Amino acid sequence: MTSFIDELEDDQPFFDYDPDDDDENDADPLPEEEEAVFGAPSSSFSAAGETSFDAEASPTPARLLPGQSIRPLTSTPSLSFPEHVPSPYFVKHIDQDRGPSPADAAPGEFGQPYRSQYQAEDSDGKLWEGFDDLQTVVADENSDIGPGPIDDEPTVTPEVLKQRQEMSRKGRSTSGITLVSTDRLCPEHRSVFSFGVFNKVQSRVFEDVYEGDDNLVISAPTGSGKTTIFELAFLRTLLIEKVNDWQDRMGKLRDSDDNPIICAAITGDSGTSSEMYTKLRKAHLVVTTPEKFDSITRRTGRLAQELRERLLLIMIDEIHILGEDRGATLEVVIARIKLNCPNVRLVAVSATVPNIEDIARWLGSQQDPFELSNDFGEEYRPVPLHRETYGIDGGGNEWQLGPKLDRELYPILVRHAKGKPVLVFCPTRNACRKTAEQVSEAYRQSKSRGLRLPWSFDLKKMIDMKDENLNELAQHGIAVHHAGLDYDLRQKIEAGFRDGRLQMIVSTSTLAVGVNLPAHTVIIKGTMTWHGAPAGFREYTDIEIQQMMGRAGRPQYDTSGTVIIMCDRSKVKKYQSMLRLETILESCLHRNLSEHINSEIGLKTIRSVSDAQLWLKSSFLFVRIQQNPRHYALPDAPNKPQGDSWEDWFNHYVKQSLERLEQDGFVERGEEGINPGDYEVQQSHTGDIMSSCMIAYNTMCMIVEMDPKSTFEQLLGMLAGAEEFKDLRVRPGEAKILNQLRQHPEIRYQLDDQAKNYADKVFLLLQYTFGNVTINEDKNLETTSIKQTLYQIFTRASRIAKAILQVAATNRFGPALRAALTLYRTVSGMAWEDTSVVFRQIDYIGPKTIKNLGALGVKTFDQFLHADTTQLQPFFKSYNVVCDRKKDVRALPRYMATVEEESLDQSNPKKPVLVLRITILPKGRKEDMKSEVSKKKKSSWGIRYNISALFLRQMDSFIYYRRMSVKDWQKNKDTSFLVRVDLDRRCDIVTAIIAVDEIAGSEYVVEYPTNLAASVYPPDVKEDTPIPSSSQDEPVNLDENDPPTGKLPCHHTCSGTTTCAHKCCKDGVAPQSPARTKTKQPIATGRLSPKTSE
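Structure representation (structure tokens):
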């Protein structure tokens, strides 16, 4: 019985995951990420005072600091998008040169890999039997692109690379363009670049980028040096800031104040607002994602204000993600910057797209939007590509086509690999495994028969994958790569591919963007990907195809490359058109416009209908709807306009979005405007929650419909069903694990039926984590990785749980709020509050020790402090280690409360009022807690602790809720406050629930009997009705093991030992209430302010 958690060392972090490696398009039945964060084509911002968006890093700035700039992260594509490579194609038949093969090899066997069992059809409809006549569509490259791959092409070595650099330094160009020498750079900047001249693309735009200040849009093929253009733009910004010193020979620049140039990455796990502010305040160059930049620029405090003041340059890589769902976020962010920071320079680069002028019109100045638009064709590609498309008869069934493509793949490899590295893209993880196994078996049989091989492989170079199935593939130089593999293993595979210990990688979209591998041949095996039962199969977009193609023939490794598309025979002509890049880039903003308009209303960017129209005119949607109104004229749109002009549909989208927001309660209508149809709008409390917590529209609609008496189980189900998790489809490799979990005795809320959708999956995996559950698991690295799925779940779950809490508090739902607070703590601590799993929150206490403590009956922090140290010692390395861990527990901010009557006001017999004084007391020394808070503040997660105090009547009827930061509480000399209890409803008991929101197991409950006589209440007093319990199981007293006297544990490290002579270690110490101050305090009325969080 093992759990993946058990495999971790006690000092190992719970997650070992790279947030930039999601393969969103790989589905088995797939349904992210994140958080988001990013598996599909991504983009990145850099800011100087710059910001760089990276679509693959996972999600938010305005004006950045002097010297900041936006550039792509190395691990993911910057705000640039899939590459389009236009070129003419024609149909021709493959040549007949197959090479020798033994006579004893039977047709159709792996030993005779050069014959096909399937038919293909050429452009004239003629059927051709066998692989020799398999239909092929080959790109007819022009002279600038060069011929296809040749057998005698030199293998890339340091000497070959040196020769290429020498040729580059001579400034030669085959297209008549004079290459710009690095001598034109400022002397301080020359050593930034290791080459002597810029290439053709860089030379063409050099003056605009390095010697100008205008906005700039550049479209160029993959591998043409777009990143260097960003570097030039950043250096230009540094020149403006008069940077004139180098830090050292490594080329580190310093700013005008002699501070080193600092680059900061801001991603989804960058910590609290305070930590992000610290990073941004010091940074000159900020690398982030559109989603994170959106999150930062939604803020209205000093962070956003300083960004707006300091931001000078935004560089957007892969800007063609505008055509994808995530492109709407990029579009909104740029529109926000254009309105709030009109002087910020925008530099955008893109793969080849046919309507780059539309992007230039969107980003450019109104005076001359096309002035600085540069479109570079395939003749600028540094490495010529040879393209072929193989059409295979799939019989109209995508399930049957997959195995046929697998059988056809090996002969294609023999023809095209030429002993050089190969990268094969498959649509799903399961397809990766099957394809790799098929090729591996074909290689084995061919080698045993002495047949021609696609590559030679020395077993001495084999990589040990630590997995039997993967090692079988590695024996033939083959590996699989997808987000289901552990991060370290993926890194090992990539390194092995670079140094020649692997010859072929079969991958999902994890390697389609952001990773520079020396692949000579790229094969796209199949053009359809499975998106779960509801959606079924869908074809790759042209952007996705171009991203995969862009992995072939990288300049650092090759002088040519080969791209092969294997598809159904009926789709050959379609992919000819796609490879010519004839698909126009369109906006996706209209698909979720309401959500984004709500955010702008919260920022006061939009205050009326006319403001919304003005804001939308800053979007790419406004540019494209004028060019192609039919694309945005949805036939099934509700209340669609009478006309079909672009103006009609433009106004329709604005009107419908605002009406929907008003109908769902996120926006409130104000006064009518001067012009017909114009009126003011303002955000409601729930609209503010949706925006500040970055909640999807449909998720927020579900949250606001919560039952006021919701239990913990119901809220957990609501969280699991959030739209943010819809990409976490149930994959075939996970079915076995999930079905073990759904009836597992350690799962508190079990499922009667099999897990069929993402909500069931998330529901079970959350409980799997909360309970540190152990299951019989045959861990299959090739299909799934629970750790990575959990990372994606918890990076999103916290903000969803926070939104649930805030909605319950805003509506004063007593039972639901109590359950929501418990849910938020459970998610934050990743532990059930009444189990030993709470010790996961203590550094250096791992899964095995947690189970041992649970078996010993130590399930709460107080039980741990009172336990005999010698009794705990076997579970730790030494006696001193136990003392250190007890010290860590004492340092956690945990609190208790005292409740006492302040006054009873019966001056108005119809509205008597009971006033209670609440005093919050630490369960440990303030000095210890300050040390812990300070330590956590400096950690990578940057926890900021908050105290919640909820007050309920005997039936969980709401009285009052208050939330304050631990930091602010520690500053107060008087830690008491008053709570007003209106006695229009019977109140025999006041229950006070005090807890630290970010710490599971910190809840302290005290019940105060009012002992009020019946005569105190008005004649028409209301009676409360029983309400179901909202706790995790039953109401749990987490402090039941406190000393019976009600005293607190002392601070001696020997607490609880039998040999200790200290009386306080056995009996505890009495809590000390702070002295009551003379100042008059306001009485809490139970009415909530719009903001329920700090």
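The numbering used here runs 38 ahead of the 1-based position in the sequence shown.
C-beta atoms are modelled at their ideal positions from N, C-alpha and C, and glycine is treated no differently.
These figures come from a predicted structure and were not determined experimentally.
Of the residues F899, Q911, A839 and D765, the one whose Cα lies closest to the Cα of G962 is F899. Under the three-state reduction of DSSP, V235 is assigned to strand. Excluding sequence positions up to five before and after T873, its CB lies within less than 7 Å of the CB of G809, G892 and K897, all in the same chain and listed in chain order. When the Cα atoms are used, T907 and V927 turn out to be separated by approximately 14 Å. In the DSSP annotation of this structure, the continuous segment of the alpha helix (DSSP H) that includes I831 starts and ends at I824 to T848. Between E1041 and T1029, the C-beta gap is not smaller than 9 Å, which leaves the two residues out of contact. At a Cβ-Cβ threshold of 9 Å, G429 and R576 do not count as neighbours. In the three-state scheme derived from DSSP, where H, G and I count as helix and E and B as strand, F414 is classed as coil. In the three-state DSSP reduction, F1015 falls in the strand class (E or B). Exclusion of the five residues before and after G515 leaves W493, F495, L540, Q541 and M542 as the residues of its chain whose Cβ lies within less than 7 Å of its Cβ.
Take the alpha-carbon of A590 and the one of L451: they are about 15 Å apart. Beta-carbon to beta-carbon, L959 and A935 are separated by about 7 Å, close enough to satisfy the 8 Å threshold. Here V742 has D702, G703, T724 and V845 as same chain residues with Cβ atoms under 8 Å from its own Cβ, once five neighbours each way along the sequence are excluded. In this structure, Q781 is the residue among V692, T266, F832 and Q781 with its C-alpha nearest to the C-alpha of T812.
Note on geometry: alpha-carbon atoms of Y862 and V1019 lie some 26 Å from one another.
DSSP places N984 in the strand class (E or B) of the three-state scheme. Note on geometry: alpha-carbon atoms of V239 and Y418 lie some 7 Å from one another. Around the beta carbon of Q901, 16 or more other beta carbons sit within 10 angstroms, so the residue counts as buried. For the pair M993 and L1021, the Cα-to-Cα distance works out to about 14 Å. Here DSSP, grouped into helix, strand and coil, assigns H424 to strand. By the C-beta criterion, the stretch 793-803 is judged to be in contact with the stretch 762-779, since at least 3 inter-stretch pairs fall below 8 Å. Per the coordinates, the alpha-carbon of S1014 lies some 30 Å from the alpha-carbon of S1053.
By the Cβ criterion, the stretch 251-265 is in contact with the stretch 388-401, since at least three pairs of Cβ atoms, one from each stretch, lie closer than 8 Å. In the displayed model, F272 falls within a helix according to three-state DSSP. Uninterrupted alpha helix (DSSP H) stretches at least 4 residues long and entirely within the stretch 1004-1062 occur at 1004-1009, given in chain order.
Taking the C-beta atoms as reference points, A271 is found nearer than 9 Å to R383.
Take the alpha-carbon of Y787 and the one of E751: they are about 7 Å apart. Around D413, the same chain offers S257 and I394 as residues with beta carbons nearer than 6 Å, after the five sequence neighbours per side are excluded. The stretch 323-356 is shown to contain whole beta strand (DSSP E) runs of 3 or more residues at 323-326 and 351-354, in chain order.
Residues of the same chain with a CB within less than 6 Å of the CB of P931, apart from the 5 flanking positions on each side, are M967, Y983, V1004 and V1034 in chain order. When N636, A321, W437 and D1006 are compared, the shortest CA-CA separation from C605 is found for W437. For A550, no alpha helix (DSSP H) encloses it, and the DSSP letter there is neither H nor E. Sorting A557, G588, Q1008 and I838 by C-alpha distance to the C-alpha of P459 places A557 at the top.
Note that the C-beta distance between I603 and I644 is not below 9 Å.
Within the model, the alpha-carbon separation for E709 versus T864 is close to 44 Å. Put simply, the backbone Cα of K642 is about 23 Å away from that of T327.
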